[in-house]
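Novice: Once you've had a glance at the structure underneath, I'll fire off some questions.
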Amino acid sequence: MRRKWSKLLGLLLVFGLIAAACGDSGGDDATATTAEQGAAETTAAPTTAAATSTTISDAVTSTEAPVAGPSYGGRVTVGLEAEAPGLRPWEDACSSPCRNMMVNIYDKLFEISNTFEPVGWLATDIAPNADFTVWVMNLREGVQFHNGKDFNAQTVADMFPIQQTGAISGGILAAAGVVDIQATGDFEVTYTLGAGNSAFPAHLTGRGLGTVFDPELALSDPDGYAQNPVGTGPFIMANRDIDNETLLVRNDNYWMTDEQGNSLPYLDEIAFRPIPDEGTRLSSLISGTVNAMQTLRQGTIRDAREADGLTLFEFQGNNVGGGQFNTLVPPYDDKRVRKGLTHLNNQDAVIDALGGTGISLPGSQWFSPDSPWYSEAVAAAWPQFDIPAGTALIQEYVDDPARSDGKAVGESIDVELSCPPDPTLIAAMQVIEAVWTSTGLVNVELTQFDQATHINMSLGVDTGFVGTHGAHCWRWSSDDDPSTFLNTAFAAPTPAIAEEFGVPFSAVNFPNYWDPEMFGWLVEAVKTDDFAERYALYEMVMMRFADEVPVWYSGHTATAIGVTEGIIGVSGWVTPDGVLGAGTPGAEGRWHFVQITDG
Amino acid sequence: MQKLIAARLLRAVATLFAVSVLTFFMVDLLPGDLGDILIPAEQQNDRAIVEQLREELGLNDPAFVRYGNWLKDAVTGDLGESAITRQPVSTLLSQRLPITLQLTLFAIGFALIFAVPLGIISAYRQGRFSDRAISGGLQLGLSIPNFVVGVFLIWFFAERLGWLPATGWTRLTESVSGNVKGVILPAVSLALVDMAVFSRLIRADMISTLQENYVLSAKAKGMSDRFILARHALRPSSLSLITVVGLNIGSLLGGTVVIEQLFAMGGIGRALIDAITKRDYVVIQGLTVFIATVYVFINMTVDFIYIAVDPRIRSGRT
């Protein structure tokens, strides 16, 4: 018995010592093979090198220097902030980490260019009729799925019934107004919409409607598809070990080449590892445990900037953080309260608490200064941090005998300020709380709920979609066409209002802000494809926000992909027609242009 | 004897039943449900799709009906499947258990490797500087949360020295050395608290053992201190340690949540956290009941061992 006991202890000790003694630098073996293979297979094709940047244009054009040519082979291991529960574009909820996987397995019909325009990918072009109700799209020929099946117009038509019933794509189809999809030629698809939508191609850049999957397999094995997806993309699913590692291998039959005709992708393998803790994800990159990572946190970007030997691809984008007021609930139903509290939002201090000083731009609208939709006029009109102005507005409400919260004149207002329990978010909420309470007019209760509860409280299914939230931290917008999110985000917030006004209901009008005139502008904006007209309408919408303040802003959400030395081509991807892509929006990497060099 | 065993078994079944009921209804109290998770808020306009999904998942049934359905399958060994990944809970367990089990065994192993000698030295040098230094050090180890230890170990051994990977877990079938290297830092993070507990336990038991007549007799015979400590004192001083080690294996199996999250290891703890955030009831239920079963089983085994070795318990005199 004693001998067994000693053996067991000895074995554990030996294991530990051997492991420690044999430890190398902790890196994957990918980089070692790449340099050799690259040297053997080098051609004259130029590509791009990585560089740190803070804007899209900087990231993909200004600061990337040419290098010697494609270097084939190697493996990149990417640390993601979460696991992807399922990989079916029509069915599975999918955020940034999941999109990182999907975009390398599946191709989309269109992608977004660096000027935020939809540009052809599997589609070559698309054209509408006069009133934007019928769109005819042509597809690229010679594309095959990973299982050898051909991709053609019938594929897109056969995807339609699956998309209609999909938990994800069903709602997107409805929002886009698609009523029919027909194959009108071998490689020609005709979309019919219920109402004209000049921004329809923007929906084809999205996951729900634009991602191409094998409809036959999706029907025969929908559950299996979630973990063994089949697309036409540059990488093929090789092994899925949920919460540990998902391994994709090179699609040797990928249809796309680089501008010099070299086959894509360059890498042999990509592995995705979910590493939920921000700190250890960065440590994993610094130590070489992984050689790429994504982050959506300014604090991590700040720390990554200070680390040696990393290249960071930052993306400011249109995603803006802040908070929303429940405008159907007192006291937030009064503009004076909303505007007053917004004047009392010290954006710089909040951004600092989020770790974003020098990284995040303060927000004044749903579009960042990089965006073609950004408006200087709106930026000037947005209620700035101004304690006297904010206090005066709240004082006016507090002294109003007809105040909506039913409290006595002179009593402080009660505000519930809520956010998920992330340390930086809590710090940011504490900054806001400090200023609001300093007026002596606001009683703030800080609450924290997990992400799912936070969303469900705002969704408010049990309260007729009014929700049980007060002032909730939130994020809005994306780099898609504004119509894809604004038109649903500000339709009628409850079924009752929808019925009263004869307009669509939206469960995601979380601030419950209903403005029939403003909604009319949103509808008008998809009736024309004239940019100036559309810009003017969205500027009016954002000006209305600056006046009515259903939401408040902190800063634009900077995101980043970080890589170790020798990994290039992360942000410099182009479309099949040579159009520069959008880089790495939302820390989403397209790894088919990525290669590993020896520096 | 048989009555005692039957009573223990009955108590174990009642405990498991209570755990399953409490888990189910506590999760049911959380706002929102699986339907809200599977269909993101952006798609919730179409209530027909949401309702169809809720119906398919049985979410419209009363809670006690859903619990009854789960229980009916569970007693036949079918723990159901995840509504999100469609993976059977039994498969999930078979994939995740090796990770958590290995982590637990390594943590206990590391704890024992250091705790036993430290406890012996501390007892042997009772009241002297080395005893106070060891006790102080162990007290420190006991008071530092394991995730703080983990962060430090990652910084030092992965970032600074580059000896060990910061995160991740490699399956044994892929690489033995990769597997062992990956488990060292998280296991040491977990081991620190157990090491302190085990060591103090050994120290206390050994101090009392060293007062026994047979130890004094061995000393009188001129046996060396090392021989006496190893051959005569350690074994009788280890009985309570063995019991605590057994119980700690049970509690560690369900207590690695934070460390698995920190080190990005896809064990049972991480699966449980994921299931809770996604309101994946079946998985929460299955994993909780599994962890409870292991814990109850170990407790019960310890009880039976006591019954077997202690005549007072057998005869009902305690």
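Taken in order, these protein sequences are the chains called A and B. Per our numbering, numbering of the first sequence is gapless, rising by one per residue and ending at 599. Per our numbering, numbering of the second sequence is gapless, rising by one per residue and ending at 1318. Every residue gets a Cβ at the ideal spot worked out from N, C-alpha and C, and that includes glycine.
Please check if any C-beta of chain B sits within less than 8 Å of the C-beta of A:Asp58.
Specialist: Residue 58 of chain A sits at position 58 when you count from the first residue of the first sequence. Annotation note: pLDDT 36 at A:Asp58 (below 50); position unreliable, coordinate value reported separately. No, no contact with chain B.
Novice: Just tell me which of B:Leu1201, B:Thr1277, B:Val1283 has its CA closest to the CA of B:Leu1241.
Specialist: Here residue 1241 of chain B refers to the residue found at position 241 of the second sequence. Among B:Leu1201, B:Thr1277, B:Val1283, the Cα nearest to that of B:Leu1241 belongs to B:Leu1201.
Novice: Can you tell me where the alpha helix (DSSP H) holding A:Arg281 begins and where it ends?
Specialist: Your numbering for residue 281 of chain A matches position 281 in the first sequence. That run of the alpha helix (DSSP H) goes 278–287.
Novice: Against chain A, does B:Thr1301 count as a neighbour if the rule is that its beta carbon must be under 8 Å from one of theirs?
Specialist: Here residue 1301 of chain B refers to the residue found at position 301 when the second sequence is read from its first residue. No, B:Thr1301 lies away from the interface with chain A (no Cβ there is under 8 Å from its Cβ).
Novice: Taking Cβ positions only, does A:Thr280 come closer than 8 Å to chain B?
Specialist: On the first sequence, residue 280 of chain A is found 280 positions in, with the first residue counted as 1. So yes, A:Thr280 belongs to the interface.
Novice: From this set, A:Phe465, A:Phe485, A:Thr184, A:Ile351, which residue's C-alpha is nearest A:Val431's C-alpha?
Specialist: Position 431 of the first sequence, counting from 1, holds the residue named residue 431 of chain A. When each option's Cα is compared against that of A:Val431, the closest is A:Ile351.
Novice: 8 Å is my cut-off, CB to CB: does B:Val1257 come that close to chain A?
Specialist: Sequence index remark: in the second sequence, residue 1257 of chain B carries index 257 (1-based). So no, B:Val1257 is outside the interface.
Novice: Residues in its own chain within less than 7 Å of A:Gln298 by CB, not counting five upstream and five downstream?
Specialist: Taking the first residue of the first sequence as 1, we reach residue 298 of chain A at position 298. Excluding positions up to five away in sequence, the list reads Leu354, Gly355, Gly356, Ile359, Ser360, Ala558.
Novice: Note down, in chain order, every chain B residue with its Cβ under 9 Å from the Cβ of A:Arg273.
Specialist: The sequence position of residue 273 of chain A within the first sequence is 273, counting from 1. The contacting residues are Thr1167, Gly1168, Ala1264.
Novice: Any chance you could list the alpha helix (DSSP H) runs of at least 4 consecutive residues sitting entirely within the segment 161–223 of chain A, in chain order?
Specialist: For the segment 161–223 of chain A, whole alpha helix (DSSP H) runs of length 4 or above, ordered along the chain, are 169–176, 200–203, 207–210, 215–220.
Novice: Since A:Ser571 and A:Phe313 are thought to touch, with beta carbons under 8 Å apart, how far apart are those beta carbons, to the nearest angstrom?
Specialist: One-based indexing of the first sequence puts residue 571 of chain A at position 571. One-based indexing of the first sequence puts residue 313 of chain A at position 313. Yes, A:Ser571 and A:Phe313 are in contact; Cβ-Cβ is about 5 Å, under 8 Å.
Novice: Taking just the CA atoms, how far does A:Ala349 sit from A:Thr410?
Specialist: Translated into the one-based positions of the first sequence, residue 410 of chain A becomes position 410. Translated into the one-based positions of the first sequence, residue 349 of chain A becomes position 349. It is worth fixing the name first, because residue 410 of chain A is Gly in this sequence and not Thr. Whole-angstrom Cα-Cα distance: 29 Å.
Novice: Given a threshold of 16 other Cβ atoms within 10 Å of its Cβ, counted over all protein chains shown, does B:Met1026 qualify as buried or as exposed?
Specialist: Residue 1026 of chain B sits at position 26 when you count from the first residue of the second sequence. It counts as exposed.
Novice: Would B:Asp1225 pass as a contact of B:Tyr1295 if the rule is Cβ separation under 8 Å?
Specialist: One-based indexing of the second sequence puts residue 1225 of chain B at position 225. One-based indexing of the second sequence puts residue 1295 of chain B at position 295. No. Outside cutoff.
Novice: How should B:Leu1010 be labelled, buried or exposed, when 16 other C-beta atoms within 10 angstroms of its C-beta is the threshold for buried?
Specialist: The residue you call residue 1010 of chain B lines up with position 10 of the second sequence. The residue in question, B:Leu1010, is exposed, as its Cβ has fewer than 16 Cβ neighbours within 10 Å.
Novice: Just verifying my parser: in three-state terms, what is the DSSP assignment at B:Thr1209?
Specialist: The residue labelled residue 1209 of chain B in the question sits at position 209 within the second sequence. In the structure shown, B:Thr1209 sits in a helix (DSSP, three-state: H, G or I).
Novice: Determine the burial state of A:Ala434: buried for a count of at least 16 other Cβ atoms within 10 Å of its Cβ, exposed for fewer.
Specialist: The count along the first sequence starts at 1 and reaches residue 434 of chain A at position 434. With fewer than 16 other Cβ atoms within 10 Å, it is exposed.
Novice: Is there a C-beta anywhere in chain B that falls below 8 Å from the one on A:Asn181?
Specialist: For the purposes of this step, residue 181 of chain A is identified with residue 181 of the first sequence, where counting begins at 1. One detail in the question is off: residue 181 of chain A reads as Ile in this sequence, not Asn. Chain B contact via Cβ: absent.
Novice: If you reduce the DSSP assignment to three classes, tell me which class B:Tyr1214 lands in.
Specialist: Along the second sequence, one-based indexing puts residue 1214 of chain B at 214. Reduced to three states, the DSSP call for B:Tyr1214 is helix.
Novice: So, are the CB atoms of A:Trp474 and A:Phe449 less than 8 Å apart?
Specialist: Here the question's residue 474 of chain A lines up with position 474 in the first sequence. Here the question's residue 449 of chain A lines up with position 449 in the first sequence. Cβ distance not < 8 Å, so A:Trp474 and A:Phe449 don't count as in contact.
Novice: Taking the runs of the alpha helix (DSSP H) that are 4 residues or longer, which of them lie wholly in the segment 299–342 of chain A?
Specialist: With a minimum length of 4 residues, no continuous alpha helix (DSSP H) run stays inside the segment 299–342 of chain A.
Novice: Give, in chain order, every residue of the segment 1138–1152 of chain B whose Cβ lies closer than 7 Å to some Cβ of chain A.
Specialist: If the cut-off is 7 Å between Cβ atoms, the segment 1138–1152 of chain B has Val1151 near chain A.
Novice: Fully enclosed by the segment 80–141 of chain A, which alpha helix (DSSP H) runs are 4 residues long or longer?
Specialist: For the segment 80–141 of chain A, whole alpha helix (DSSP H) runs of length 4 or above, ordered along the chain, are 96–105.
Novice: Under 6 Å Cβ to Cβ from A:Ser57, same chain only, skipping five residues before and after it: list those, please.
Specialist: Translated into positions along the first sequence, residue 57 of chain A becomes position 57. Here A:Ser57 scores only 38 on pLDDT, less than 50, and its place in the model is too uncertain to base an answer on.
Novice: For B:Phe1156, write down the residues that DSSP places opposite it in a beta bridge.
Specialist: Numbered from its first residue, the second sequence carries residue 1156 of chain B at position 156. According to DSSP, B:Phe1156 bridges with nothing at all.
Novice: Using 10 angstroms around the beta-carbon of A:Ala130, count the other beta-carbons present and answer buried if the total reaches 16, otherwise exposed.
Specialist: Residue numbering aside, residue 130 of chain A sits at position 130 when the first sequence is read from its first letter. A:Ala130 comes out exposed.
Novice: May I ask which residues mark the beginning and end of the beta strand (DSSP E) holding A:Tyr553?
Specialist: Here residue 553 of chain A is taken as the residue at index 553 of the first sequence, counted from 1. Note, A:Tyr553: beta strand (DSSP E), 551–556.
Novice: Comparing alpha-carbon positions, which option in B:Asp1073, B:Lys1072, B:Asp1028, B:Glu1081 lies nearest B:Ala1063?
Specialist: The residue given as residue 1063 of chain B occupies position 63 in the second sequence. The residue with the shortest Cα to Cα distance from B:Ala1063 is B:Asp1028.
Novice: Show which residues of chain B have a CB atom less than 7 Å away from the CB atom of A:Ser284.
Specialist: Looking up residue 284 of chain A in the first sequence gives position 284. Near A:Ser284 (Cβ distances below 7 Å), the residues of chain B are Ala1166, Thr1167.
Novice: Any Cβ of chain B within less than 8 Å of the Cβ of A:Asn114?
Specialist: Taking the first sequence and counting its residues from 1, one reaches residue 114 of chain A at position 114. So, not an interface residue.
Novice: Just the C-alpha distance for B:Phe1106 and A:Phe505, rounded to the nearest angstrom, thanks.
Specialist: Walking along the second sequence from the start, residue 1106 of chain B turns up at place 106. Walking along the first sequence from the start, residue 505 of chain A turns up at place 505. Computed Cα separation, rounded: 56 Å.
Novice: Would you kindly report the start and end of the unbroken beta strand (DSSP E) that includes A:Pro274?
Specialist: In the first sequence, counting from the first residue as 1, residue 274 of chain A sits at position 274. Start and end: 269–274.
Novice: When you compare the CB positions of A:Val320 and A:Ser198, do they come within less than 8 Å of one another, or not?
Specialist: By one-based count along the first sequence, residue 320 of chain A stands at place 320. By one-based count along the first sequence, residue 198 of chain A stands at place 198. No, Cβ-Cβ distance for A:Val320 and A:Ser198 is not below 8 Å.
Novice: In chain order, what are the residue ranges of uninterrupted alpha helix (DSSP H) at least 4 long that sit wholly in the segment 1046–1121 of chain B?
Specialist: Runs of the alpha helix (DSSP H) inside the segment 1046–1121 of chain B: 1047–1057, 1063–1074.
Novice: Within this structure, are the beta carbons of A:Asp515 and A:Ile112 separated by less than 8 Å?
Specialist: On the first sequence, residue 515 of chain A is found 515 positions in, with the first residue counted as 1. On the first sequence, residue 112 of chain A is found 112 positions in, with the first residue counted as 1. No; because the gap between Cβ atoms is not below 8 Å, this pair is not in contact.
Novice: Using a C-beta to C-beta distance shorter than 9 Å, which residues of chain B count as neighbours of A:Asp221?
Specialist: The residue labelled residue 221 of chain A in the question sits at position 221 within the first sequence. None at all; the shortest Cβ gap to chain B is about 11 Å.
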